[in-house]
Amino acid sequence: MAPVAQVEEWADECASVVDIEQALVGLRFRPGREDRQLRTSVLTHLAWVPVEWQAAATETLSGLAERHPSRTLLLFPQPEDDDGLAARVLLECHHLQGTERSVCNEVVELSLRGRRAEAPATIVLPLLLPDLPVFLRWRGRPDFASPVFEQLLGVVDRLVVDSAEWPDLSESYARLATVFDRAAVSDIAWRRTLQW
Numbered sequence: 107m108a109p110v111a112q113v114e115e116w117a118d119e120c121a122s123v124v125d126i127e128q129a130l131v132g133l134r135f136r137p138g139r140e141d142r143q144l145r146t147s148v149l150t151h152l153a154w155v156p157v158e159w160q161a162a163a164t165e166t167l168s169g170l171a172e173r174h175p176s177r178t179l180l181l182f183p184q185p186e187d188d189d190g191l192a193a194r195v196l197l198e199c200h201h202l203q204g205t206e207r208s209v210c211n212e213v214v215e216l217s218l219r220g221r222r223a224e225a226p227a228t229i230v231l232p233l234l235l236p237d238l239p240v241f242l243r244w245r246g247r248p249d250f251a252s253p254v255f256e257q258l259l260g261v262v263d264r265l266v267v268d269s270a271e272w273p274d275l276s277e278s279y280a281r282l283a284t285v286f287d288r289a290a291v292s293d294i295a296w297r298r299t300l301q302w
């Protein structure tokens, strides 16, 4: 893996979707940038990350950027907090050896506070990259009946789960089967069986 050439950051504890969009553009096209950036995003990656999964999600994400350049939206629900949206936008650029160019990955961390945690699709939709697939990684067992799950399922092409994170496998699989007609589904646990 090539070293990260540059990481630029923007953050706001009281952000709007417009602020986030402007930050993404501003970081990418900041005057005085020395390298030429290639936009080669292959997908928009959403991750619904309850507090108990935040460290694991951040660690996993760090290994994906160069192999799968994308826009990643990390959704950190905080329903007990006062209403609001906090955002942190990172532009991580990796030099391409033998060139003056770099490939960049966009990471948007969104703290969905209070009622914002109940309506994530309204925040996510304007931030999706057009004409690219949208993957949703749901950490832990999804609450299949929740409006939040239904909203996010409605904006994605593929749902990615890890059934090894579920305490009640057979009941959860029965519920998971009900979404097969609305999105492609991948289970990371299935991938682990390929070594057999």
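In my numbering, the protein residues as written are 107 to 302.
Backbone N, C-alpha and C define an ideal beta-carbon position, used for all residues, glycine too.
Buried/exposed call for residue i, threshold 16 Cβ in 10 Å
{"i": "Ser-276", "result": "exposed"}
{"i": "Ala-117", "result": "exposed"}
{"i": "Ser-217", "result": "buried"}
{"i": "Val-157", "result": "exposed"}
{"i": "Arg-297", "result": "exposed"}
{"i": "Ala-283", "result": "exposed"}
{"i": "Pro-236", "result": "exposed"}
{"i": "Val-131", "result": "exposed"}
{"i": "Pro-175", "result": "buried"}
Whole-Å CB distance - residue i paired with residue j, under 8 Å assumed
{"i": "Asp-268", "j": "Asp-293", "result": "7 Å"}
{"i": "Leu-133", "j": "Glu-114", "result": "5 Å"}
{"i": "Ala-227", "j": "Leu-196", "result": "Not really, about 23 Å apart at Cβ, beyond 8 Å."}
{"i": "Glu-212", "j": "Arg-177", "result": "4 Å"}
{"i": "Arg-245", "j": "Ala-153", "result": "7 Å"}
Host alpha helix (DSSP H) of residue i (start-end)
{"i": "Val-99", "result": "Given a span of 107 to 302 for the chain in the structure shown, any question on residue 99 remains unanswerable."}
{"i": "Glu-127", "result": "123–134"}
{"i": "Val-285", "result": "Unbroken run through Val-285: none, as it is neither H nor E."}
{"i": "Thr-321", "result": "Past the edges of the chain, shown from 107 to 302, lies residue 321, and the structure says nothing about it."}
Where the beta strand (DSSP E) containing residue i begins and where it ends
{"i": "Gly-190", "result": "190–201"}
{"i": "Val-148", "result": "Note, Val-148: premise wrong, no beta strand (DSSP E); not H, not E."}
{"i": "Glu-215", "result": "207–219"}
Given 8 Å, three or more beta-carbon pairs between the region 175–184 and the region 215–223: yes
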